[in-house]
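Note that numbering that gives the first Met the number 0 numbers the sequence shown so that position 108 is 107, with each residue one more than the last.
This report concerns only the one structure given below.
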Amino acid sequence: MKKNGMLNSHIAKVLADLGHTDTIVVGDVGLPIPPGVPKIDLALTLGTPSFAEVVEAIADDMVIEKIVIAEEMKLDNKETLHYIQENFQDCEIEACSHELFKARTQNAKAVIRTGEAKPYANCILQAGVHFG
């Protein structure tokens with residue numbers, strides 16, 4: 000049994016298989032999952048687990064070089080935007096329209112569904128490289 004790090008076996012497998020520039024998505028309860036992209040559903044109840052809890056757990060185990068968010072987050076979910084800006088100051092943060100965001104999820108290695116029930120509480124995490 001793992002002692003620490005990502006304990007969810009499905010997420011741990013996805014993280015272990017990521018290569019440079021591969022992406023995973025952390026999404027709220029309403030984000031559509033593209034056909035063919037694996038879904039790891041963590042949602043228990045509305046709000047549980049939260050977007051921030053899931054992103055933090057992933058960030059502890061993943062080298063993240065870039066985060067993509069929906070432009071709409073800047074107006075409609077300032078709390079989540081602030082969380083991303085404060086916790087990922089060393090990463091490039093890119094914003095695009097929500098429609099383009101959804102289109103880009105089609106190339107993700109997995110979509111991890113949270114219980115978050117706030118608008119645009121979604122992000123695409125792009126893998127960097129760990130050189131030791």
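Note that beta-carbon positions come from the ideal geometry of N, C-alpha and C, so glycine has one too.
Since we're looking at a predicted model, the values are computed, not measured.
Is there contact here, the segment 95-113 with the segment 19-33, by at least three beta-carbon pairs under 8 Å? Yes, they touch.
Check each candidate in S96, I111, C90 and name the one with the smallest Cα separation from I68. By 1-based counting over the sequence shown, the position of residue 68 is 69. Among S96, I111, C90, the Cα nearest to that of I68 belongs to S96.
Is the beta carbon of D27 less than 7 Å from the beta carbon of E115? Against the sequence shown, residue 27 aligns to sequence position 28. Against the sequence shown, residue 115 aligns to sequence position 116. Going by C-beta atoms, D27 is nearer than 7 Å to E115.
So, I63 versus C90, is the Cβ gap smaller than 7 Å? Locating residue 63 in the sequence shown gives position 64, where the first residue counts as 1. Locating residue 90 in the sequence shown gives position 91, where the first residue counts as 1. Yes; because the gap between Cβ atoms is below 7 Å, this pair is in contact.
Figure out for me which residue from V53, L14, G46, E70 has the closest Cα to the Cα of E98. Position 99 of the sequence shown, counting from 1, holds the residue named residue 98. Check the Cα spacing between E98 and each of V53, L14, G46, E70: the tightest is with E70.
How about T113 and L6: are their beta carbons less than 7 Å apart? Along the sequence shown, one-based indexing puts residue 113 at 114. Along the sequence shown, one-based indexing puts residue 6 at 7. Not closer than 7 Å, so no.
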